[in-house]
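Going down the list, the protein sequences come from chains A and B. Position one of the first sequence corresponds to residue 1339 (my numbering), numbered consecutively onward. Position one of the second sequence corresponds to residue 1339 (my numbering), numbered consecutively onward. The beta carbon of each residue, even a glycine, is placed where N, CA and C say it ideally should be. Being a predicted model, the structure only gives us computed values, none of them experimental.
There are 2 protein chains.
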Amino acid sequence: MVTIREIARKAGVSIGTVDRALHNRGRVSKATQERIARIIAECRYKPNVFASHLSLAKQYTFAVLTPEPEQDGRYWELPMRGIRKAAEELKPYPIRIWPVHYDKYSEASFFKAGEKILKSRSEADGLVIAPVLSAASETFIRRIPPALPYVFIDSYVPDTSCLSRIAQNPYRSGALGARLMDLLIGGKGTVAVCRMVPRDYHIDDRVNGFTEALRFRKDVEIVSFEADRKTDEAVFYHLAERILAERPSCNGIFVPNSLGHQVAQLLKERVPPGRIHLIGYDLVEPNLPFLKDGWIRFLISQRPDVQGYQGIQLLVQHLLLKNPVPAEMNLPIDIVTAENLDEHAGTDPQERAGRSAEAVEARGARPAGRRAVRK
Amino acid sequence: MVTIREIARKAGVSIGTVDRALHNRGRVSKATQERIARIIAECRYKPNVFASHLSLAKQYTFAVLTPEPEQDGRYWELPMRGIRKAAEELKPYPIRIWPVHYDKYSEASFFKAGEKILKSRSEADGLVIAPVLSAASETFIRRIPPALPYVFIDSYVPDTSCLSRIAQNPYRSGALGARLMDLLIGGKGTVAVCRMVPRDYHIDDRVNGFTEALRFRKDVEIVSFEADRKTDEAVFYHLAERILAERPSCNGIFVPNSLGHQVAQLLKERVPPGRIHLIGYDLVEPNLPFLKDGWIRFLISQRPDVQGYQGIQLLVQHLLLKNPVPAEMNLPIDIVTAENLDEHAGTDPQERAGRSAEAVEARGARPAGRRAVRK
DNA sequence: CAGCCTGACGTTAACGTTAACGCAAATTCC
DNA sequence: GGAATTTGCGTTAACGTTAACGTCAGGCTG
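Encoded structure:
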């Protein structure tokens, strides 16, 4: 492993000069600067991150900007779980998580949260953002200083200089839902799609993927139902009532958000089992019992926990370990049913299994007397 | 953050003594030993892994004991991909991967590979094992020195003191396959299950899960077909021929290993599309085109790449970062179909995106000189 | 009792990087 | 043209841990 000292020797300067050149701290003549750069490239010098962080003793703070955990049926707890897991795993590293939440229905609240992070700029070294409010996010992104890396989770604002974006292709997930629905209803019948106003691009894409994929099926009719989220808590419960009343022939319902349980509740009360097949999204708590007993046949999961986990991991890879990171992560579209729910349910398997953690203890206690010998 | 120096001050000794006490290097009186231990516990002292590894400058070597990558339709390439990805990501760490492969049909070859690792004991600091040959594995495991941590992937040997085991529940994956099959054949018909001798516990469990889950379906008949792997290359192609001949009413085939493509090939040649529904396992290369064009309806994936990736990660967490690791990781049972294949195909999304990232270059070329020396 | 060993410590030089500090020489300013 | 600043570099003390190496007292052997 080539060190900074060797670089200095080859360049005929001191390590101080090399360090200044490395970090553009100035006070280096142009000629020397270039000579050092050349030698570094030649030797493929990589700074030793251990030594670097030992010397710096810097605390990295990663701000996490997501909706209030309770929103969307406590959906937003899930990414936070993954984030906490990442923090746990990265305990030896000097990192700190700074959660900042906003009301996903209030632009004002989003801006306030964003300002809070940017104002105390000295505090945040990296950002994980769930840009649910797309318009507001766009203007906010422009305000992020270029030196501050940020990654998107859940969805993303296009044409930004984000470090990376971690999401699932909503269109394709809708298409997958369509395929499953086609299977469930045996290729014919009437399928209702539940929607909500105000519209959400992300959700709309799921619906588009769904309807497009079924368009060529001549025996399948698709009908769209829409509800206003402001009317009440159980929007989709009442929407399902309307579906039953207006379309008694319906044999499939597609719920493109996490509120499938509301529809399932109504089905359980009013419809014999197996008559209407329900496909929903997201492994939020209220959905689980319905998936288990079959009122929801499939849930499509976008692994929000993995998204949060990876968000932090990418920042660490980039900032601490100086590794290149992928500009984009397309998470797999998971199909969850009663049979494989257990493996998915505890968010990530590692966290689930880790709960019983085990004492730290002396497993693999170091054999005595082994030491690197130095010249 | 509390340092070793502070511990020393509180205990009224020097840092050398504390270090000896910490690593049981002897030469510390019992009284002092205990005093230090108490203070460490009180202060919740955690050694700084950065400083530690900077000082040690130790290369960790992780041996990977899996079948030849080409076997099982090149299935065993997949865990290796995950392992390489982990190595790539952990580049700043002083770790080295040492792949050792064996012929999964030869116990002798397995033992030879195992001995190779144990003999040069000084070389391996951790082990990732795929114990495909269960009997042989069992005796091999007993020979592993207690100080050498190992993790299982793919399956595991019960009642061992492994650091962790990473696998998928084969029984439950079979049950999931049954559920999907039930859906595909509309709840009635004849389903053929392909098996192979010599038997494999792991595969048998999948079959058990499959047949158990369909037992209560009165309109579904399950028939078992068995082939000898030694007969020829295209075992399952010919087995499928037998199925068609002996059970012309068959409308579903379950292939509990990665050879679904052989069956699919025959179906494509002899049967109209959509008449016989095929469910297989594993995203090996030959399976992919058949999944895409529908001759294979579902593939169940156990994410072999993630298994390899996590295997290395766990060893790093344990050995380098001194973090507690879960004793068991139950990986999710993934359902892959034409619609979500893309997201799964590149093994892990991160690797897929990262492929362009940079050349493999001089990784693995051990730096000369500084090497840990043991007594 | 000299010589040797050993138990129980303390001291110190690494490991590689960082940034503050120092110090000439060159440049700028009034 | 002298003072003040800037430029370009070298030196050095950290950061926390590790293990080789000293030291010193006490015990044992012949």
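Could one say the Cβ of Phe1478 (chain B) lies closer than 8 Å to chain A's Cβ atoms, at least one of them? no
Open item on the list: Could you give the first and the last residue of the continuous beta strand (DSSP E) run that contains Ser1502 (chain B)?
Closed with: 1502-1505
Hey, does Asn1668 (chain A) have any beta-carbon neighbour from chain B nearer than 8 Å? yes
Bridge partners of Ala1437 (chain B), per DSSP? For clarity, residue 1437 (chain B) is Pro in the given sequence; the question names Ala instead. According to DSSP, which records beta bridges pairwise, Pro1437 (chain B) is partnered with B:Val1402.
Requested in this report: Note down the Cα distance separating Arg1544 (chain A) from Asp1620 (chain B), rounded to an integer number of angstroms.
Outcome: 27 Å
Query raised in the report: Quick one, are the C-beta atoms of Arg1585 (chain B) and Thr1528 (chain B) less than 8 Å apart?
Result: yes
* Taking only the alpha-carbon atoms, compute the straight-line gap between Ala1468 (chain A) and Thr1404 (chain A) and give it to the nearest angstrom. => Roughly 5 Å between the two C-alpha positions.
What are the residues in the segment 1560-1591 of chain B lying within 8 Å of chain A by C-beta distance? none
Candidates A:Ala1349, A:Arg1358, A:Arg1503: which alpha carbon is nearest Ala1665 (chain A)'s?
A:Arg1503
Of all the options A:Phe1628, A:Val1622, A:Leu1597, which has the alpha carbon lying nearest to the alpha carbon of Lys1606 (chain A)? A:Phe1628
message = Let me make sure I understand the geometry here. Which of A:Ile1541, A:Gly1350, A:Met1667, A:Ala1474 has the alpha-carbon closest to that of Gly1649 (chain A)?
response = Comparing alpha carbon positions, the residue from A:Ile1541, A:Gly1350, A:Met1667, A:Ala1474 closest to Gly1649 (chain A) is A:Met1667.
Quiz item: Near Asp1441 (chain A), what residues of its chain come up, given a Cβ to Cβ distance below 8 Å and the 5 sequence neighbours on each side ignored?
Solution: Only residues of its own chain outside the window of five on either side were considered, and among them Pro1405, Glu1406, Gln1409, Ser1447, Phe1448 have a CB closer than 8 Å to the CB of Asp1441 (chain A), listed in chain order.
Q. Going along chain A in order, which residues have a C-beta closer than 9 Å to the C-beta of Leu1522 (chain B)?
A. Leu1521
Q.
Does any residue of chain A have a CB that is nearer than 8 Å to the CB of Glu1372 (chain B)?
A. No, Glu1372 (chain B) lies away from the interface with chain A (no Cβ there is under 8 Å from its Cβ).
Going by the CB atoms, is the gap between Asn1595 (chain B) and Ile1614 (chain B) shorter than 8 Å? no
**Message:** Quick check on DSSP: helix, strand or coil for Met1418 (chain A)?
**Reply:** helix
query: Buried or exposed: where does Asp1672 (chain B) fall if 16 or more other Cβ atoms within 10 Å of its Cβ makes it buried?
result: buried
If contacts are defined as beta-carbon pairs under 8 Å, then Met1519 (chain A) and Ile1617 (chain A) qualify, I think. What distance do you get, rounded to the angstrom? 6 Å
**Q.** CA nearest to the CA of Leu1658 (chain B), picked from B:Pro1417, B:Gly1464, B:Leu1360, B:Ala1349
**A.** B:Gly1464
For this session: Please name the residue, chosen from A:Glu1445, A:Ala1451, A:Lys1429, A:Ile1433, that lies closest to His1439 (chain A) on a Cα-to-Cα basis.
Result: A:Ala1451
**Request:** Note down the Cα distance separating Pro1484 (chain B) from Lys1396 (chain B), rounded to an integer number of angstroms.
**Result:** 20 Å
**Asked** Between the segment 1413-1434 of chain B and chain A, which residues of the former have CB atoms less than 7 Å from a CB of the latter, in chain order?
**Response** Glu1427, Lys1429, Pro1430
Q.
List, in chain order, every chain B residue whose beta-carbon is nearer than 8 Å to that of Ala1513 (chain A).
A. Glu1677
> Excluding the five sequence neighbours on either side, which residues of its own chain have a C-beta within less than 8 Å of the C-beta of Leu1317 (chain B), listed in chain order?
Replying inline: Because chain B in this structure spans residues 1339 to 1713, residue 1317 (chain B) falls outside the shown range and cannot be described.
* **Secondary structure of Gly1692 (chain A), DSSP reduced to three states** => With a pLDDT of 35 at Gly1692 (chain A), under the threshold of 50, the modelled position of this residue cannot be trusted; read the value that follows with caution. Gly1692 (chain A): helix per DSSP, three-state reduction.
Output, in chain order, the set of chain B residues within a Cβ distance shorter than 7 Å of Ala1389 (chain A). Leu1392, listed in chain order.
Can you give me the Cβ contacts of Gln1371 (chain A) inside the same chain, cut-off strictly under 6 Å, excluding the 5 residues immediately before and after it? Ala1359
Note to self: Is there a Cβ of chain B sitting closer than 8 Å to that of His1682 (chain A), yes or no?
What the structure shows: yes
* Can you give the Cα-Cα distance for His1391 (chain A) and Phe1388 (chain B), rounded to whole angstroms? -> 7 Å
- [ ] Could you round the C-beta distance between Gly1515 (chain B) and Phe1592 (chain B) to whole angstroms and report it? I think they count as a contact, below 8 Å.
- [x] 6 Å
Have a look at B:Glu1415, B:Val1356, B:Tyr1443 and flag the residue whose alpha-carbon is nearest the alpha-carbon of Gln1645 (chain B). B:Glu1415
Check your understanding: Taking only beta-carbon atoms, is Leu1637 (chain A) less than 8 Å away from chain B?
Key -> For Leu1637 (chain A), the answer is no, since every Cβ of chain B falls outside 8 Å of its Cβ.
* Asked: Closest by CA to Ser1444 (chain B), which one among B:Val1470, B:Tyr1431, B:Pro1624?
  -> B:Val1470
Report task. Report the neighbours of Ile1673 (chain A) on chain B: residues whose CB is nearer than 7 Å to its CB, in chain order. Result -> Ile1673
_Which residues in chain B have a C-beta closer than 9 Å to the C-beta of Leu1659 (chain A)? List them in chain order._
Glu1427, Leu1428, Lys1429, Pro1430, Tyr1431
Paired residues, beta bridge with Tyr1488 (chain B) - DSSP: B:Leu1465
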